[in-house]
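In the working numbering, the protein residues as written are 38 to 89.
C-beta atoms are modelled at their ideal positions from N, C-alpha and C, and glycine is treated no differently.
Only a predicted model underlies this, so the values are computations on that prediction, with no experimental measurement involved.
Have a look at the structure below, then the notes.
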């Protein structure tokens, strides 16, 4: 959705490139993990620490 023309906010920052993903059994697990990542001081720093 982020790369689609309908995405008004993100379309000016295109193209988006997927650099990392995790799969979860439920949406609630995914939301919990997303919030953990957002609480990181820097997502970029986290990805670098994981050698991504």
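From residue i to residue j, what does the alpha carbon distance come to, in whole angstroms?
i: residue 68; j: residue 88; result: 23 Å
i: residue 74; j: residue 52; result: 22 Å
i: residue 86; j: residue 66; result: 23 Å
i: residue 56; j: residue 84; result: 9 Å
Under 9 Å between the Cβ atoms of residue i and residue j?
i: residue 59; j: residue 76; result: no
Looking at chain B, is there any beta carbon in it that lies within less than 9 Å of the beta carbon of residue i?
i: residue 63; result: The chain labelled as chain B is not found in the depicted structure, where only one protein chain is given.
Legend entry - 4-residue-minimum alpha helix (DSSP H) runs that sit fully inside the segment 45–89, ordered along the chain: Whole alpha helix (DSSP H) segments, 4+ residues: 64–76 and 80–86.
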